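Data block below; observations after.
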Amino acid sequence: MSLCLTASRMKGVVMTFVLGLAQCRHSEEGGTEAVLEMAEQWCAEASLRGVDILVFPESLMTRYELDRQSFASEAEPIDGPFCCEMDALAARYGLWLVYTVNERNAEGNPFNTAVITGSDGVKRGVYRKVHLFDTDFTKESDRMAAGPALFEPIDTPFGRIGLSICYDLRFPEAARFAARRRASRRHVGASC
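For the record, in the sequence shown the residue sitting at position 120 is 188 according to the working numbering, with numbers rising by one throughout.
Written out as structure tokens, the structure is:
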């Protein structure tokens with residue numbers, strides 16, 4: 069287990085916070101229960117190290133390599149067991165969390181969704197990935213649905229935060245959208 073810690077001071081904002089970046093891999097077995105056990109280990113470690121906000125990578129809940137049917141069958145609603153347990157971890161360890169979930173979509177393929185939860189365990193924001201990675205060798209749109217809108221930045225004790233997921237980074241409108249709404253930083257989760 070490794071943890072990347074960063075103290076940050078924003079110009080014009082009197083604050084210092086510690087950002088933890090979780091770099092993790094899925095086990096071949098165990099499903100979401102194994103992921104939640106791993107997430108709890110990360111949260112415990114982050115709490116011991118004085119982390120304020122812990123960011124997990126894209127595809128935390130479900131292995132990205134799953135076939136379309138398995139990927140869809142493992143999807144959960146945003147208030148499902150996986151999110152509820154992640155939110156409980158945020159409260160238990162007094163951390164802000166950014167994590168991703170394979171979110172059920174009543175209209176078809178699931179969403180690749182990022183959630184930001186406060187240290188009280190309350191969800192503060194939800195973002196569904198807008199820009200899907202469709203190329204000659206892979207096509208995310210075959211098993212994921214694109215989200216409807218870019219993330220509206222939210223105020224946190226660490227400044228105004230925007231969210232994006234992986235391939236969104238390649239599109240300048242996501243950064244421009246966040247900047248025009250005075251986001252002081254943007255967290256971009258990506259799969260390893």
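For every residue, glycine included, the Cβ atom is placed at its ideal position computed from N, Cα and C.
Please read all numbers here as calculations on a predicted model, not as lab measurements.
Asked: Residue burial classification, Phe-205 (beta-carbon count within 10 angstroms, cutoff 16); Found: exposed
Asked: Inter-residue spacing [alpha-carbon to alpha-carbon] between Arg-172 and Ala-114; Found: 29 Å
Asked: Assumed close pair Pro-221, Arg-249 - CB separation to whole angstroms, cut-off 8 Å; Found: 5 Å
Asked: Close beta carbons around Thr-100, own chain, < 7 Å, minus the five adjacent residues each side; Found: Met-129, Phe-150
Asked: Where the beta strand (DSSP E) through Val-86 begins and ends; Found: 85-90
Asked: Classification of Thr-203 by the beta-carbon crowding that lies within 10 angstroms, buried from 16 upward; Found: exposed
Asked: Reference Phe-219, options His-94, Val-183, Trp-164, closest by Cα; Found: Val-183
Asked: Counted within 10 angstroms of its Cβ, other Cβ atoms place Ser-70 as buried (16 or more) or exposed; Found: With a pLDDT of 49 at Ser-70, under the threshold of 50, the modelled position of that residue is not reliable, and no figure is offered here.
Asked: Straight-line gap, Gly-176 to Thr-84 (C-alpha atoms, nearest Å); Found: 43 Å
Asked: Sequence-distant residues of the same chain with beta carbon closer than 6 Å to Ala-214, five excluded per side; Found: Val-198, Leu-200
Asked: In chain order, each alpha helix (DSSP H) run of at least 4 residues that lies wholly inside the stretch 92-176; Found: 99-116, 136-141, 149-161
Asked: DSSP beta-bridge partners of Asp-202; Found: Lys-207
Asked: Burial state of Gly-98, where buried means 16 or more other Cβ atoms lie within 10 Å; Found: exposed
Asked: Closer than 8 Å to chain D by CB, Val-119; Found: No chain D is present in this structure, which holds just one protein chain.
Asked: Check whether Ala-246 and Gly-230 have beta carbons under 8 Å apart; Found: yes
Asked: Candidates Val-190, Lys-207, Asp-236: closest to Thr-224 by CA position; Found: Val-190
Asked: Close Cβ partners of Val-82 (< 6 Å) along its chain, the five nearest in sequence each way excluded; Found: The predicted model places Val-82 with a pLDDT of 46, which falls under 50 and marks its position as unreliable, so this point remains unresolved.
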